[in-house]
Each structure stands twice: as C-alpha cells, then as structure tokens.
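Trainee: Under my numbering, the first residue of the sequence shown is numbered 33, with each subsequent residue one higher.
Note that the Cβ used here is the ideal one computed from N, Cα and C, for glycine as well.
Note that this is a predicted model, so its numbers are computed, not measured.
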Amino acid sequence: MKIGFINLHKFTKSNLVKATAATVLCSLLMILACLIKYYIIGKPVSSGIWFCMLTLTIATFVFMGGLLMYAMVSRNYIIAHTRYFVAFLSVVAITFIAHLYLSIISPLLIAPALTALVIIQLSRRKQDAFIFNLMEAMMVLLVLLLEAIMTDGEVYMLLGGGRNAYLWYLGAMSVINVGAGAVVPVMLRDKAKRINYLIVGGIVMVASVAVYALIILVHANKLFLLQYFWLLFVSSVITVVLSLIISPVMESAFNLVTESRLAEWTNSSQPLLRKLALEAPGTYNHSLTVANFAEMCASAIGEDPYLARAAAYYHDVGKLANPSFFAENQSGYNPHDEILPEVSAEIIRNHTTDGYKLLKAYRLPEEIARVAIEHQGTLPITVFYERAKQLTDSEVNVDDYRYHGETPTTKIAGIIMICDSSEAAIRAMDKPDGERVDKLLRSIINDRITKGQFDKCKLSLHDLDIIRKTIINAFGGVFHQRVKYPEGKV
Ligand SMILES: [Fe+2]
Ligand SMILES: [Fe+2]
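1) Quick one: using the 10 Å Cβ neighbour count with 16 as the cut-off for buried, is Y345 buried or exposed?
2) Short check: CB of L149 to CB of L263, under 8 angstroms?
3) How many Å lie between L99 and W297 at the Cα?
4) Between V216 and L472, what straight-line distance do the alpha-carbon atoms span, to the nearest angstrom?
5) Mind checking E179: buried by the 16 CB within 10 Å criterion, or exposed?
6) Near Y116, which residues of its chain fall below 8 angstroms by C-beta distance, leaving aside the five closest residues on each side in sequence?
7) Under a Cβ-count criterion, where at least 16 other Cβ atoms within 10 Å of its own Cβ denotes burial, should F325 be classed as buried or exposed?
8) Suppose the cutoff is 7 angstroms on Cβ atoms and the five residues either side in sequence are ignored; what does the same chain contact list for S267 look like?
9) Sorry if obvious, but does the Cβ on D386 come closer than 7 angstroms to a heavy atom of ligand 2?
10) In whole angstroms, what is the alpha-carbon distance linking Y338 and S331?
11) Report yes or no: do three or more beta-carbon pairs, one from the segment 304 to 320 and one from the segment 412 to 430, lie closer than 8 angstroms?
12) Please indicate yes or no: does the CB of H436 lie closer than 7 angstroms to some heavy atom of ligand 2?
13) When every heavy atom of ligand 2 is checked, does at least one fall within less than 7 angstroms of the C-beta of H494?
14) In the structure shown, what three-state DSSP assignment does P355 receive?
15) Whole alpha helix (DSSP H) runs in the segment 98 to 134 with 4 or more residues, listed along the chain?
16) Under the criterion of a Cβ to heavy atom distance below 7 angstroms, does D462 qualify as lining ligand 2?
17) Going residue by residue through the segment 319 to 348, where are the continuous alpha helix (DSSP H) segments of at least 4 residues, counting only ones entirely within it?
18) Can you tell me whether H113 sits near ligand 1, meaning its C-beta is under 7 angstroms from at least one heavy atom of the ligand?
19) Using only the alpha-carbon positions, how far apart do I73 and A340 sit?
20) Say yes only if the C-beta of V428 is nearer than 7 angstroms to one or more non-hydrogen atoms of ligand 2, and no if none qualify.
21) Would you say the segment 441 to 459 touches the segment 394 to 405, given that touching needs at least three Cβ pairs under 8 angstroms?
22) Using a Cβ-Cβ cutoff of less than 7 angstroms, which residues in the same chain neighbour V349 once the five nearest sequence positions on both sides are dropped?
23) Just how far apart, CA to CA, sit K521 and E291?
24) Run through the segment 418 to 483 for me and flag every whole alpha helix (DSSP H) of 4 or more residues, listed as ranges in chain order.
25) Based on Cα-Cα distance, which residue from V123, S492, I68 and I477 lies nearest to E283?
26) Y435: which of Q485, A420 and I247 sits nearest, CA to CA?
27) Run the proximity test for V322: is its beta-carbon closer than 7 angstroms to any non-hydrogen atom belonging to ligand 2?
28) Between H347 and ligand 2, is there a pair consisting of the residue's CB and a ligand heavy atom that are separated by less than 7 angstroms?
29) Does ligand 1 have even one heavy atom less than 7 angstroms from the beta-carbon of D465?
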C-alpha cells in the first residue's frame, strides 16, 4: 500500500509500531531530562513556565516525529531494520541530553556536529547524519532559548553580554552546528579508520573559528564574543571524544553493521574465523575464495562489498559441527562411504541451520547470519539423492534431500549462492579456461533461476549477467596455473 510518498509495503506494521514507540519514548526521555536540568540548576522561573514547557513538549514531539516521517518517506531500510532507526533516535536523545547538561558548565557550550559525527559512523547514508544532526541542533537551540525565557534572562546576565549578544552567540553556534553537520559526512571518507575522526574534528574546529571570526567582524559587541572564543576549541574536542565513545557503544548495543565492525569481523584474529581455520582449514580457504569473488560481484552491481566479504567469510561456519563430512576438509577418507545417503544428506544440510545458530551465539548480526541459512537455498543435495535412487527400487522423494533453509532474500545472499557453487565447480575443473568457466557459470545461474532460488532477492537478469562476467574476469587470478618445477628441484 502507498500513502503519498510512503511505501508501506517496504516495512511491516510491527516495524512501524516499534519505530513509533521508540520516537515517543525518546521524546519523553528528552523532556524529562529538561525538567531534571531545570530542577538541578534551581534557577527561579517566571510565570511563563507553562508556556515554555508546553512549547518544549510539542516541539520535541514535532522534531522527533519529523525524523520518523523522514525515515518512513526516504529511508525505508532503517524502518524495516528498526534497530537502526532506534539507534539513531537514541543518539539524538543522548547528544541532546549531553548538550543540555554541558550548558550547565557554560550555557553556550555546543559541541558542533556531534550527532552527525556519531551517526555517520553508524549509517551507510550521509543524509542520515545531516538530517538527524539538523533536528538535534534545532531542538538544542529551542531549549536554550526557552531556558532564557523561563529564567527571565538569567543566562544573559550570567554571560554579562546582554540579550542581544546572547542571541548572536546562540545563533552562531547553531549555524556552526548545522553547517558542520552538513560538511562532516562529506569529508569523512574511510570511516573504519578512527584517526580520520581526529582529522575531521580538527577541520570542524578550524571551520568553527572561521565562522565565528566572521560573526565577530560584523557584530558590535566584539569584546563579549571574543571572550568566549576558547569555547570553540573545547567544544570541538568534546565532539570528537564523545563521538568516539558513543559510536562503539551504540554499534554493540544495537548490533549494527558498520564499516568499522565489518573490518573487525573480517579480521583473521576473530575467534570464530580462527576456529574455522584450525578445525576446518579446507572450508576456511574455500570461504576466503568465495569472499574474494563475492566482494568483486557486490561492488560490480552496487551492493556493499564489505558486507559481502564478511558474509562470505562466515557462510559455511555451520560445517564446524562435522568438518570431516565435507569434501574440502577430507584427505582420502570419506565418512559418507560408511553411512546411508539420507543420513549424509541430513549432516550436509544441517550446516546452514547450525551456521545460523552459531553466528547468533557469537553475536554476529542478522544480515550475516541470514546468509548462512540462505546460501544453499532450497536446492536438493543431488549427490546423495542420486545415491539413494541407486540403492532402492522404490520411489525416492527429492524433498527429503533438499536444504531446509530459505532462498536468498537479499542480493548479497544471492551473490554468495552463485560464488559458492562457482568456486567449488571451478576448483573441480581440470585446467579451467574462460570459455569452459563461462559455460559452467551460465548453467549454474540458469539452474538456480529455474528452481526459483532468486525469486525473493531481487537480483535482475542484468545483475546476474554482471556477476557472471565478474567471476570470469576474476577466476584466473584465483585458480592460476603454476609453472611446473622439474622433478627433484624446488
Ligand atoms: Fe555451504
Ligand atoms: Fe560454501
């Protein structure tokens, strides 16, 4: 169903209920934080308190509701994967509360682009960082203005510059906050490198100083504004420090897939990868090759290459339950020769569900765990189905030999399904060449299309064509032939 710009079929009713509940909860939390702050600072409040509190309550719900609308209209992904939306809203609530309480130290201490710098680490889209930062900046500006009204200008007196200078300063800080929030996501290129946040913090500081200097130039009360110059340095440091603390906490609390976490998950020192390398070395090497193919294919069709690489690393971890039952880990002895084909099929197909459970136990995110359960789709395990037919005269039901997982629901799971079968089939070839590999890939892809394996994952025929060509271009570098050494010489 579509209402205006909103595609309701992109997320479920339950997603929307959770996102709305999070919006209301965060709004209430922010209003409560304001009330506690007013209680703590104990400033005398004027008769305008009810007007201010009502304005604050309505404005908080309007701004936070605006973020919900933004996500519903142009960021269906973060509503469908609600934990992202809840994480982003929580960031807004945390940074807002941080600004609120920092202002007790100095009513004008606003850390520029703090929200943007946290959200850019959690989101794939630059626009999220800008929009969430903009809303948070607006709320901080409104609350500080309301605070000034409620305390009958107490803050103006506190600063000693009078109402006009206070408004100029507040305006300048808000412009810097919003402006830096727009620039930071564009400047930050490699998000996995933490050092880049320090560089960006430095640039924000220089930009803040430049904007502030311009305001001083045009403002009459130069001395007043000049005495708060140092706050720009402090607030830029606060931005970097707080963003480096809040982001990893949010990534972990909401189990988000971010560039820095993908870099961690693909590090060979990860416990699950080390276990795979030690206990199932054949599977480990197979996974590395699938990852190389999958990364290139994902990049070629505009999907996330880092997510494809990480998902490929972990797609077969379920084989850890019985490593020796998988061909790539055998050296001569094959335990399947001694058991019935239906038992063999059961052991083989369990690697998808076992993998999913193992990845969940190791707290890997759903996006990666789903690939473990989907990469074999619902295909039959032909070798044991054929063996079963040979052993009996009666009818053998092919469904008893199928994988029990699901067909790929994402393009990345579809890519890994193709790369997985291609890697195994090319490896089994004697002297693979471009023409034979092309023929093989066409038959693998056509077979999966006719068996409905790509029906849920939106891989188009054009995507499948690009994936096939990418693997053909890449296989030579992976399965290259070596010059044979003369016997007895190395
Ligand atoms: Fe597999
Ligand atoms: Fe595999």
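Mentor: Let me lay it out:
1) What you label residue 345 is simply residue 313 of the sequence shown in a count that begins at 1. With 16 or more other Cβ atoms within 10 Å, it is buried.
2) Here residue 149 refers to the residue found at position 117 of the sequence shown. Here residue 263 refers to the residue found at position 231 of the sequence shown. No, Cβ-Cβ distance for L149 and L263 is not below 8 angstroms.
3) One-based indexing of the sequence shown puts residue 99 at position 67. One-based indexing of the sequence shown puts residue 297 at position 265. If you take the alpha carbons of L99 and W297, they lie about 31 angstroms apart.
4) To locate residue 216, count along the sequence shown from 1; it is residue 184. To locate residue 472, count along the sequence shown from 1; it is residue 440. Their backbone Cα atoms lie some 47 angstroms apart in a straight line.
5) Here residue 179 is taken as the residue at index 147 of the sequence shown, counted from 1. So E179 ends up on the buried side.
6) By 1-based counting over the sequence shown, the position of residue 116 is 84. Correct list, in chain order: Y109, I110, L154, S155, F286 and L288.
7) Translated into positions along the sequence shown, residue 325 becomes position 293. Counting Cβ neighbours within 10 Å, F325 comes out buried, since at least 16 surround it.
8) Here residue 267 refers to the residue found at position 235 when the sequence shown is read from its first residue. Cβ within range, chain order: L141, I142, A143 and P144.
9) As a working note, residue 386 is residue 354 in the sequence shown. Every heavy atom of ligand 2 is 7 angstroms or more from the Cβ of D386, so no.
10) Position 306 of the sequence shown, counted from the start, is the residue given in the question as residue 338. Position 299 of the sequence shown, counted from the start, is the residue given in the question as residue 331. Approximately 9 angstroms, taken between the alpha carbons.
11) no
12) Translated into positions along the sequence shown, residue 436 becomes position 404. No.
13) The count along the sequence shown starts at 1 and reaches residue 494 at position 462. Every heavy atom of ligand 2 is 7 angstroms or more from the Cβ of H494, so no.
14) To locate residue 355, count along the sequence shown from 1; it is residue 323. P355: helix per DSSP, three-state reduction.
15) 108 to 112
16) Working through the sequence shown from its first residue, we reach residue 462 at position 430. No, the beta carbon of D462 sits no closer than 7 angstroms to any heavy atom of ligand 2.
17) 337 to 346
18) What you label residue 113 is simply residue 81 of the sequence shown in a count that begins at 1. No, the beta carbon of H113 sits no closer than 7 angstroms to any heavy atom of ligand 1.
19) Working through the sequence shown from its first residue, we reach residue 73 at position 41. Working through the sequence shown from its first residue, we reach residue 340 at position 308. Between I73 and A340, the C-alpha separation is close to 51 angstroms.
20) Taking the sequence shown and counting its residues from 1, one reaches residue 428 at position 396. No; taking the cut-off as 7 angstroms, the Cβ of V428 has no heavy atom of ligand 2 nearer than that.
21) yes
22) Numbered from its first residue, the sequence shown carries residue 349 at position 317. Answer for V349: L304, L308, G387, L390, L391 and A404, listed in chain order.
23) What you label residue 521 is simply residue 489 of the sequence shown in a count that begins at 1. What you label residue 291 is simply residue 259 of the sequence shown in a count that begins at 1. In this prediction, K521 has a pLDDT of 49, which is less than 50 and means its spatial position is unreliable; what the coordinates show is noted afterwards. In a straight line, the C-alpha of K521 is about 46 angstroms away from that of E291.
24) 443 to 460 and 466 to 482
25) For this step, residue 283 is matched to residue 251 along the sequence shown. Taking only the C-alpha atoms, the option nearest E283 is V123.
26) Position 403 of the sequence shown holds residue 435. Taking only the C-alpha atoms, the option nearest Y435 is Q485.
27) Numbered from its first residue, the sequence shown carries residue 322 at position 290. It does: the Cβ of V322 is within 7 angstroms (strictly closer) of some heavy atom of ligand 2.
28) Here residue 347 corresponds to residue number 315 of the sequence shown, with the count starting at 1. Indeed, a heavy atom of ligand 2 lies less than 7 angstroms from the Cβ.
29) Translated into the one-based positions of the sequence shown, residue 465 becomes position 433. No.
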